[in-house]
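Below is one structure, written out as structure tokens, with a few remarks after it.
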Amino acid sequence: MTQVSASNQAPQRHPRMTDVCLVAHDIEKSARFYTEKLGFKLRSRMPGFADFEGPGVILALWEGPHLEENTGVPGRDPRGTGRSVMLACELESPAAVDRTYAEYRARGVEFYSEPKDFPWNARCAYFDGPNGEFWEFFAWYEGGEPGIASDNNHDEKRNR
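Start counting the sequence shown at 1; every next residue gets the next number (UniProt numbering).
This is the structure we're talking about:
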């Protein structure tokens, strides 16, 4: 991370995201879902907490009451506003979405539907995780991701 003194106005780099942490309502059930059905490898386990190694990111679970007890952050959104987290996994091709769908269905993952083609130039499949989050498996068709702003520092691999 670039350090900048108060007198130097050079821009700082943004912190690198390393983990995604989901608040779990039932940590045992959640741990089984991520290891047995999604194939994540358990990395660490403590009371009220578990994290898993996955491709490119660490997925963590923090049990709601344990989170609140230790940090003061409520373990549930009191507004009850619906979904707030989607975890998206980009696959190498639309055919890989179909293969992955079949593999995960065989493991017992229940999808909303079979993979479909969407107007944003992608093939996608969606399913729920055990903590209110939902997942997307997707792949871009020829031409890549539409709508990429030309003046940002977007990773070039996303615009295939």
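Ideal Cβ placement from N, Cα and C applies to all residues, glycine included.
My guess is that residue i and residue j are in contact by the Cβ rule of under 8 Å, so how many angstroms apart are they, rounded?
i, j, result
"F137", "A125", "5 Å"
"Y104", "P115", "Contact flag wrong, Cβ pair sits at about 11 Å."
Checking the sheet assignment: what are the DSSP bridge partners for residue i?
i, result
"D51", "S44 and A60"
"W135", "L87 and F127"
"K116", "C124"
"residue 161", "Residue 161 is absent from the structure shown; the chain starts at 1 and stops at 160."
"L67", "Paired residues: none, contrary to the question."
When we look at the beta-carbon of residue i and count the other beta-carbons within 10 Å, is it buried (16 or more) or exposed?
i, result
"V23", "buried"
"E36", "exposed"
"A50", "buried"
"F40", "buried"
"R123", "buried"
"Q3", "Below a pLDDT of 50, predicted positions are generally treated as unreliable, and Q3, at 49, falls in that range; no measurement from the model is reported."
Compute the distance between the beta-carbons of residue i and residue j, then report whether it is under 9 Å.
i, j, result
"G129", "F33", "yes"
"A60", "P94", "no"
"G80", "G64", "no"
"V109", "L38", "yes"
Please name the residue in the options whose C-alpha comes closest to that of residue i.
i, options, result
"V57", "S84, M17 and V73", "M17"
"G54", "R76, D19 and I148", "D19"
"E28", "V73, G48 and A122", "G48"
"N121", "N131, V109, W62 and E142", "E142"
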